[in-house]
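Residues 5 to 434 (my numbering) are what the sequence shown spells out, left to right.
From the three backbone atoms N, C-alpha and C, an ideal C-beta is built for every residue, glycine too.
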Amino acid sequence: MIGAKAIYVGLRKQIFDALDPDAIAGIDKEQLSRQLADAVDLLVQRENLSVPRTVRAEFVSNLVNELIGLGPLQSLMEDDSITDIMINGPDSVYIERNGIVEPAPVDFIDERQLLEIAKRIASRVGRRVDESTPTCDARLEDGSRVNIVIPPIAIDGTAISIRKFKKQSVDFKKLCEFGAMSVEMAQVLMVAARCRLNILISGGTGSGKTTMLNALSQYIGDKERIVTIEDAAELRLLQPHVVRLETRTAGIENTGVVSQRDLVINSLRMRPDRIIVGECRGSEAFEMLQAMNTGHDGSMSTLHANTPRDALSRVESMVMMATSNLPLEAIRRTIVSAVDLIIQVNRLHDGSRKVMSITEVMGLEGNNVVLEEIFRFEPSYQQSEHGVLEGDFVTSGLMKRSVLFEKARFFGLEERLIEAFRGIEQDERG
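Next up, the structure:
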């Protein structure tokens, strides 16, 4: 007995061979569905195939998705519970749902189909992917981020990674409900954002850095002018006075590149109150630090690092990419005077995301940067019956000489800050 997939492949070939691409462009989705349903019924009857009505409807849906959508990817894109889609070739598709990576219930007919869909994704956002440009990094119409790598660079077939754009922004209240942080930590971070501290968010891929940045941005004042700089626009600021800038890759003639460093330099001429760089990865870190040190307090950015101290080392390396003239001591002094707070977020092995540390940059002692950890997550290394890693958020308290305390006093939020730690002390005594 012929399997459903083999039947679909045969019907698909016949229908695609008979289709006029120009005719498809002129009809809507419902009309196309009806015409394809008629075609499937006709072919099934003509070839005397045993195909139930439900399977025929699935065939039609797959054909519509492939002609005007993203083929097998379409159902995954429409599933709001899926956060990431990872394709490692036509027969290897994975998704992330609730922090857990699992095989997806879809696959592609062959590499040719997958490659065609990859090219369609790129063309929809004004990019191209072919042998001369085998990689593509772009933002889809719905805000999702996509990265494409095709053969011969991708050895086992076209690879596509999609970070889906969340339709609803996650605030501190939801992060507390998810167990990503404590209520007291959220209160301290709210004060830090309002008091215009310069904040770095450090973490690995998929750890929740952009989510944290979005949550922090909700406490920026409505009267402040904010300039955001990103490779692919993901930030969703609620303030009315926002200028969004996005980098541009090289065109067909390998010209027209606009880097993050170019945009940071240009943003300084736009009279910003705050500059938010979606992710620091290179020489733009030097300009970012300069901005933080020249009156643009309250600026924020993210970077890839495993600990707060590693984050500072990465910033040092990125500054060296921009200038080789500054000695290491001068670079460290620039970093220490610019960065006030480092928030470390990690994705744990149980799939959960947690704020592992909130650390204040206190200053320099000799050549060493002094860090003061305000909060940290201490895992108990035990899992609940649902497989969730348990632990506690603990604090060593806030030092009176801290920048956070001084700025909270300046902005009239000193009592709000003290209240957060007072609540912790009461819990410990209880």
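| message | Please report the straight-line C-alpha distance between residue 17 and residue 327, rounded to a whole angstrom. | response | Sequence index remark: in the sequence shown, residue 17 carries index 13 (1-based). Sequence index remark: in the sequence shown, residue 327 carries index 323 (1-based). Looking at the two C-alpha atoms, the distance is approximately 57 Å.
| request: On the DSSP bridge assignment, give the partners of residue 281 in chain order. | output: Here residue 281 refers to the residue found at position 277 when the sequence shown is read from its first residue. Per DSSP, 233 and 305.
| request: Just tell me which of 169, 295, 199 and 251 has its CA closest to the CA of residue 85. | output: Here residue 85 refers to the residue found at position 81 of the sequence shown. The option with the nearest alpha carbon to residue 85 is 169.
| Within the chosen definition, does the region 114-131 reach the region 183-192 through at least 3 CB pairs nearer than 8 Å? | no
| DSSP three-state assignment for residue 204, whether helix, strand or coil | If you number the sequence shown from 1, residue 204 lands on position 200. Residue 204: strand per DSSP, three-state reduction.
| message | Between the alpha carbons of residue 70 and residue 252, how many angstroms are there, rounded? | response | Locating residue 70 in the sequence shown gives position 66, counting from the first residue. Locating residue 252 in the sequence shown gives position 248, counting from the first residue. In a straight line, the C-alpha of residue 70 is about 29 Å away from that of residue 252.
| request: Report the residue ranges of all beta strand (DSSP E) runs contained in full by the region 333-403; include only those spanning at least 3 residues, in chain order. | output: 345-351, 357-369, 372-387 and 393-399
| field | Helix, strand or coil at residue 81 [DSSP, three-state] | value | Taking the first residue of the sequence shown as 1, we reach residue 81 at position 77. If DSSP states are grouped into helix, strand and coil, residue 81 belongs with the helices.
| said: Here's the rule: buried if 16 or more other CB atoms are within 10 angstroms of the residue's CB, otherwise exposed. What is residue 156? | reply: Within the sequence shown, numbered from 1, the residue matching residue 156 stands at position 152. Looking at its Cβ environment, which holds fewer than 16 other Cβ atoms inside 10 Å, residue 156 is exposed.
| request: Would you mind stating whether residue 152 and residue 122 have Cβ atoms separated by less than 8 Å? | output: Reading the sequence shown from its first residue, position 148 is the one you call residue 152. Reading the sequence shown from its first residue, position 118 is the one you call residue 122. Their beta carbons are under 8 Å apart, which means residue 152 touches residue 122 by this criterion.
| What residue does the beta strand (DSSP E) around residue 145 start on, and which one ends it? | For the purposes of this step, residue 145 is taken as the residue at position 141 of the sequence shown. Premise fails: residue 145 is in no beta strand (DSSP E) and is neither H nor E.
| Neighbour-count burial assignment, residue 20, 16 or more Cβ in a 10 Å radius | Here residue 20 refers to the residue found at position 16 of the sequence shown. Classification of residue 20: exposed, given that the 10 Å Cβ count is below 16.
| Cβ neighbour criterion (16 or more within 10 Å) applied to residue 219 | Counted from its first residue, the sequence shown places residue 219 at position 215. That one is buried.
| query | Just checking my contact of residue 129 with residue 143 at CB under 8 Å: how many whole Å lie between their CB atoms? | reply | By one-based count along the sequence shown, residue 129 stands at place 125. By one-based count along the sequence shown, residue 143 stands at place 139. Between residue 143 and residue 129 the Cβ distance is about 6 Å, and since that is below 8 Å, they are a contact.
| Which residues DSSP lists as bridging residue 249, in chain order | Taking the sequence shown and counting its residues from 1, the one referred to as residue 249 is at position 245. DSSP output for residue 249 lists 233 as bridge partner(s).
| field | Contacting residues, own chain, Cβ-Cβ under 6 Å from residue 162 (five flanking each side not counted) | value | For the purposes of this step, residue 162 is taken as the residue at position 158 of the sequence shown. Same-chain partners within the cutoff: 118, 119, 122 and 154.
| Straight-line Cα distance separating residue 141 from residue 135 | Locating residue 135 in the sequence shown gives position 131, where the first residue counts as 1. Locating residue 141 in the sequence shown gives position 137, where the first residue counts as 1. Residue 135 and residue 141: Cα-Cα distance of roughly 15 Å.
| Inter-residue spacing [alpha-carbon to alpha-carbon] between residue 242 and residue 278 | The residue given as residue 242 occupies position 238 in the sequence shown. The residue given as residue 278 occupies position 274 in the sequence shown. Near 14 Å, if we compare the C-alpha coordinates of residue 278 and residue 242.
| said: Using CA atoms only, rank isn't needed, just tell me which of 359, 147, 126 and 280 is closest to residue 137. | reply: Locating residue 137 in the sequence shown gives position 133, where the first residue counts as 1. Per the Cα distances, 126.
| field | Three-state class that DSSP yields for residue 21 in the structure shown | value | Position 17 of the sequence shown, counting from 1, holds the residue named residue 21. Residue 21 falls in the helix class under three-state DSSP.
| request: Could you give the DSSP three-state label for residue 155: helix, strand or coil? | output: Translated into positions along the sequence shown, residue 155 becomes position 151. The answer is coil: DSSP assigns residue 155 none of H, G, I, E or B.
| said: Three or more C-beta pairs under 8 Å: does that hold for the region 305-314 against the region 257-271? | reply: no
| query | If you follow the beta strand (DSSP E) that residue 107 is part of, which residue opens it and which one closes it? | reply | Looking up residue 107 in the sequence shown gives position 103. Taken as a continuous stretch (DSSP letters only), the beta strand (DSSP E) holding residue 107 covers 104-107.
| Does DSSP classify residue 407 as helix, strand or coil? | Here residue 407 refers to the residue found at position 403 of the sequence shown. It is helical.
| field | Top-ranked residue by Cα proximity to residue 304, from 37, 13 and 197 | value | Counting from 1 along the sequence shown, the entry for residue 304 is found at position 300. Answer by Cα proximity: 197.
| Could you give the residue range of the beta strand (DSSP E) that holds residue 315? | Translated into positions along the sequence shown, residue 315 becomes position 311. Segment 312-326 is the alpha helix (DSSP H) holding residue 315; no beta strand (DSSP E) there.
| request: For the alpha helix (DSSP H) holding residue 65, just list the boundary residues, first then last. | output: For the purposes of this step, residue 65 is taken as the residue at position 61 of the sequence shown. 57-72 is the extent of the alpha helix (DSSP H) around residue 65.
| field | Start and end residues, alpha helix (DSSP H) containing residue 121 | value | Position 117 of the sequence shown holds residue 121. Taken as a continuous stretch (DSSP letters only), the alpha helix (DSSP H) holding residue 121 covers 115-128.
| said: Give me the DSSP bridge partner(s) of residue 88. | reply: Looking up residue 88 in the sequence shown gives position 84. Partner(s): 100 and 167.
| request: Tell me, please, whether the region 348-357 touches the region 391-409 by the rule of three or more beta-carbon pairs shorter than 8 Å. | output: yes
| request: Using beta-carbon positions only, say whether residue 201 and residue 373 come within less than 8 Å of one another. | output: As a working mapping, residue 201 is identified with position 197 in the sequence shown. As a working mapping, residue 373 is identified with position 369 in the sequence shown. Result no, Cβ atoms of residue 201 and residue 373 do not sit closer than 8 Å.
| request: Note down the Cα distance separating residue 68 from residue 31, rounded to an integer number of angstroms. | output: On the sequence shown, position 64 is the one that residue 68 refers to. On the sequence shown, position 27 is the one that residue 31 refers to. Those two C-alpha atoms are separated by around 12 Å.
| Given residue 281, which residues of its chain have a CB within under 6 Å of its CB, disregarding the five upstream and five downstream residues? | The count along the sequence shown starts at 1 and reaches residue 281 at position 277. These residues qualify, in order along the chain: 233, 292 and 305.
| query | Does DSSP put residue 44 in a helix, in a strand, or in coil? | reply | Locating residue 44 in the sequence shown gives position 40, where the first residue counts as 1. Residue 44 falls in the helix class under three-state DSSP.
| message | Could you compute how far the alpha carbon of residue 75 sits from the alpha carbon of residue 66? | response | As a working note, residue 75 is residue 71 in the sequence shown. As a working note, residue 66 is residue 62 in the sequence shown. Looking at the two C-alpha atoms, the distance is approximately 6 Å.
| message | I need the DSSP call for residue 214, collapsed to helix, strand or coil. | response | Within the sequence shown, numbered from 1, the residue matching residue 214 stands at position 210. In the structure shown, residue 214 sits in a helix (DSSP, three-state: H, G or I).
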